[in-house]
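What follows is a single structure, written as C-alpha cells, with notes after it.
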Amino acid sequence: MATATSACNAMLLMAFVVAAALSTPSRAQSPLQYNFYANSCPQAEATVRNVTEGIIAKDRTMGAAFMRLFFHDCFVRGCDASILLDPTANNTQVEKKAIALRGYDAVNKIKAAVESDCPGVVSCADILAFAARDSAVVSGGFASFAMPSGRRDGTVSNFIEVLQNIPSPIFKLQELIKNFAAKGLSIDDLVTLSAAHSFGQAHCSFVNGRLYPTVDPTMNATYADTLKTVCPPPGSNGGDPVINNNRVTDPNVLSNQYYSNLVTGQVLFVSDQQLMNSSYTAAKVANNSADAATWMGQFAAALVKMGRIQVLTGTAGQVRKYCNVVKS
Numbered sequence: 035m036a037t038a039t040s041a042c043n044a045m046l047l048m049a050f051v052v053a054a055a056l057s058t059p060s061r062a063q064s065p066l067q068y069n070f071y072a073n074s075c076p077q078a079e080a081t082v083r084n085v086t087e088g089i090i091a092k093d094r095t096m097g098a099a100f101m102r103l104f105f106h107d108c109f110v111r112g113c114d115a116s117i118l119l120d121p122t123a124n125n126t127q128v129e130k131k132a133i134a135l136r137g138y139d140a141v142n143k144i145k146a147a148v149e150s151d152c153p154g155v156v157s158c159a160d161i162l163a164f165a166a167r168d169s170a171v172v173s174g175g176f177a178s179f180a181m182p183s184g185r186r187d188g189t190v191s192n193f194i195e196v197l198q199n200i201p202s203p204i205f206k207l208q209e210l211i212k213n214f215a216a217k218g219l220s221i222d223d224l225v226t227l228s229a230a231h232s233f234g235q236a237h238c239s240f241v242n243g244r245l246y247p248t249v250d251p252t253m254n255a256t257y258a259d260t261l262k263t264v265c266p267p268p269g270s271n272g273g274d275p276v277i278n279n280n281r282v283t284d285p286n287v288l289s290n291q292y293y294s295n296l297v298t299g300q301v302l303f304v305s306d307q308q309l310m311n312s313s314y315t316a317a318k319v320a321n322n323s324a325d326a327a328t329w330m331g332q333f334a335a336a337l338v339k340m341g342r343i344q345v346l347t348g349t350a351g352q353v354r355k356y357c358n359v360v361k362s
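Going from the sequence shown to our numbering is simple: count from 1 and add 34.
This is the structure:
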C-alpha cells in the first residue's frame, strides 16, 4: 500500500518538521459496535453492499480503489473520511491533493443511496469501511465478515499529514514495521495487509527506481524486462504509464497470489520485496502463499483492526450529508 512518489521526496524533511508542530485533536476512544445501525438504519450495510457490488461489476478495478481509499483514510488521521474532503478557499491543501487516488465519485454514489434511505444517519467513514469489506468479498471471494461501525466523520484534512503517515514505496523493512506500529498494527498485520497489492494499479514512477539505470538484483530479471516494455526510463518523455500491481495473474483479484509473486521477485515496490528480508516475515510470506484460507481469515481480521485506528465516535466529529464537504 506504499504510495508516496519520488516527486515528494524533496518536501519530506520540511513536512516532518511542520507536522511535528501541528496539534492533533483528541479522539474519542469508545469502541465501535457490530450492527451499529440496526435500529437507526437497518438497511445501511445492505445498501452499501448492493451499490458497491454494482460499481465493481461495471469496473473491476474499483475493488482495489475502495480498498486503497480505506487504507489512506485510516493511516492519515484515523478512519474519519478526511481523505474524501475537497479543497476549500480556507484549505486548498487537503489530503486528496497529496496523491492521485480513484473512487471519490463512487463513494459519493454510495453515500447518496444511503442518504435516500436514512438521511443524516450513516457516516462517510463507515461507508468507506463497509465498501472495503465488500470489495474483499466481491474481488477476493471472501465470505462476508462483520465490520464494526459507529465511526464519525472528521472535519480536518491536511496534505502534510499524508507525507507524514503514508508509508513510502521505498521504505525498508524496519521503517515499515515502525510505520505500522505507530498505528497499533503488528508485523503480522503488515505482512497480511500488504497482499492488497495483489490487485490494483500504480504508476511507473513508483517502480522506475528498481528498473533504471540498472535492474534491482532482487527483482526477477524476466519480470523486469516486461516492466521495461511499459515503463520508459525517467526523463525520456515517455510519460508515467499506469501498470497493474499484479502482472502475473488477474490484476483485479484480491488474493494470496501476492506472496507467490513476492517469493519469485515479481512485485513492484522496494517496500514489497522488503518482506523477504527477515526470517520472520519471510516465513509469514511462505505460509500465506501456501494457505489461502488462513490468509483470508487473517486479512479480514487485520482489515477490521485497521478500521479501528483513531476513530471518532459518540458526539465527536459529525455525520456529513455529502462526503466531500464538511457539514456546516
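Heads up, the beta-carbon is just placed ideally off N, CA and C, and yes, glycines get one too.
In this text the structure is predicted, and so the values were computed from the model without any measurement.
Separation of the CB atoms of V196 and A132 is rounded to 4 Å, and the pair is thereby assigned contact status at 8 Å. Here L245 is not near A236, since their CB atoms are 7 Å or more apart. Here V155 is not near E87, since their CB atoms are 7 Å or more apart. The continuous alpha helix (DSSP H) containing A159 extends over residues 158 to 174. Checking the DSSP bridge columns, you'll see S305 has no partner listed. Taking 7 Å as the cut-off, the Cβ atoms of F70 and N199 do not count as close. Pairing N322 with T315, the inter-Cα distance amounts to about 10 Å. Your pair A159 and R136 does not check out as a contact, with CB atoms roughly 19 Å apart and the cut at 8 Å.
Secondary structure of D274 (DSSP, three-state): coil. Every beta strand (DSSP E) stretch that sits fully inside the segment 213 to 294 and reaches 3 residues is listed by chain position as 235 to 237, 276 to 278.
Ranked by Cα distance from Q67, the first of M181, G272, A91, V241 is M181.
Secondary structure of S183 (DSSP, three-state): strand. In this structure, V225 places its C-beta atom within 7 Å of the C-beta atom of L309.
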